[in-house]
Amino acid sequence: MGPEREHPPERARARAHAKEHVEEHVEEHVEEHVEEHAMSSTPEPQSAPASPAAEAAGDAAAESLQDRYAPQNRCFGCGPANDKGLRIKSRVEGDELVADFVPEEHHQAFAGMLNGGITGALLDCHSNWAAAHHLMKARGEATPPCTVTADFHVKLKRPTPLGPMRLRARVAESEGDKVIVDATLEAGGKITATCRGTFVAVKEGHPAYHRW
1 MGPEREHPPE RARARAHAKE HVEEHVEEHV EEHVEEHAMS STPEPQSAPA SPAAEAAGDA
61 AAESLQDRYA PQNRCFGCGP ANDKGLRIKS RVEGDELVAD FVPEEHHQAF AGMLNGGITG
121 ALLDCHSNWA AAHHLMKARG EATPPCTVTA DFHVKLKRPT PLGPMRLRAR VAESEGDKVI
181 VDATLEAGGK ITATCRGTFV AVKEGHPAYH RW
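Note that the sequence shown covers residues 1 to 212 in full-length UniProt numbering.
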């Protein structure tokens with residue numbers, strides 16, 4: 001066997017160039033494959049579940065009957081225009097009216113517990129709106145009639161702790177301009193107060209006729 005023939009310099013350079021090109025191509029392909037695999041295997045970031053307080057805030061932010069029909073009302077319990085009031089936000093859920101409320105420190109009766117008068121105001125106003133909404137639907141009208149409280153009876157079943165609470169109201173009876181409503185206040189997972197009230201749609205000439 002004769003001695004190995006030496007390649008001309010041009011052929012050696014061509015081989016070296018081809019080898020470099022192949023190596024670069026392989027490296028690029030491997031890097032692309034690794035990046036694609038990393039992207040496909042990395043789970044999509046998921047937002048953390050909303051806290052109960054955030055959910056309550058979101059519920060309260062939904063358009064309420066008060067904001068829709070009585071934005072200029074200055075009632076202490078339910079008037080959107082009363083910046084010193086309770087400003088409850090009642091919304092329709094099925095055959096009930098529901099409102100979420102978070103009391104402030106100055107609504108206390110004693111440390112950590114809701115004042116009974118505030119409890120009554122919440123139940124009164126929320127029930128009144130249940131009556132007004134019922135009459136609006138029963139009459140087929142576009143806006144609710146102005147209603148007032150004829151009587152309401154509150155039972156304080158247990159102390160109501162400060163914190164997120166929910167009001168529920170449902171029509172029990174209705175005849176003409178008069179509506180009887182049952183309502184509850186829930187806090188800490190328990191019903192802390194109940195109410196039954198009678199609410200009447202007023203006629204022109206009554207001081208509350210243009211309250212909405």
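Glycine is no exception: its CB is placed at the ideal position from the N, C-alpha and C atoms.
Residue pairing by DSSP places histidine 153 opposite Arg196 in a beta bridge. Close CB contacts of arginine 168 within its chain, under the 6 Å cut and outside five residues either way in sequence, are with Glu96, Val98 and Thr184 (chain order). In this chain, the beta strand (DSSP E) harbouring alanine 99 covers 96-101.
Unbroken alpha helix (DSSP H) stretches of 4 residues or longer found wholly inside the stretch 69-123: none. As a beta-bridge residue in DSSP terms, glutamate 175 pairs with Lys178. Straight-line spacing of the CA atoms in alanine 187 and arginine 166 works out to 7 Å.
With fewer than 16 other Cβ atoms from the protein chains shown falling within 10 Å of its own Cβ, lysine 157 counts as exposed. Judged by their CB atoms, isoleucine 118 and histidine 107 are nearer to each other than the 8 Å cut-off. For proline 145 against alanine 132, the beta-carbon gap comes to about 6 Å, under 8 Å, which counts as contact.
A distance of 8 Å or more separates the beta carbons of leucine 65 and glycine 77. When only Cα atoms are considered, lysine 137 and leucine 123 end up about 21 Å apart. The DSSP-derived three-state label of leucine 162 is coil.
Judged by their CB atoms, threonine 149 and alanine 201 are not nearer to each other than the 8 Å cut-off. Cβ neighbours of tryptophan 212 within its own chain (closer than 6 Å, five residues either side excluded): Tyr69, Ala70 and Cys146. Comparing alpha-carbon positions, the option among Asn128, Glu63 and Thr160 lying closest to phenylalanine 110 turns out to be Thr160. Around the CB of glycine 205, fewer than 16 other CB atoms lie within 10 Å, so the residue is classed as exposed. Straight through space, the alpha carbons of histidine 153 and glycine 116 are spaced by roughly 12 Å. Sixteen is the threshold: when 16 or more other Cβ atoms of the shown chains lie within 10 Å of the Cβ of threonine 192, as they do, the residue is buried. Short of 7 Å from the beta carbon of lysine 155, and not among the five residues preceding or following it, lie these beta carbons of its own chain, in chain order: Ala193 and Thr194. The alpha-carbon separation between alanine 142 and aspartate 67 amounts to approximately 15 Å.
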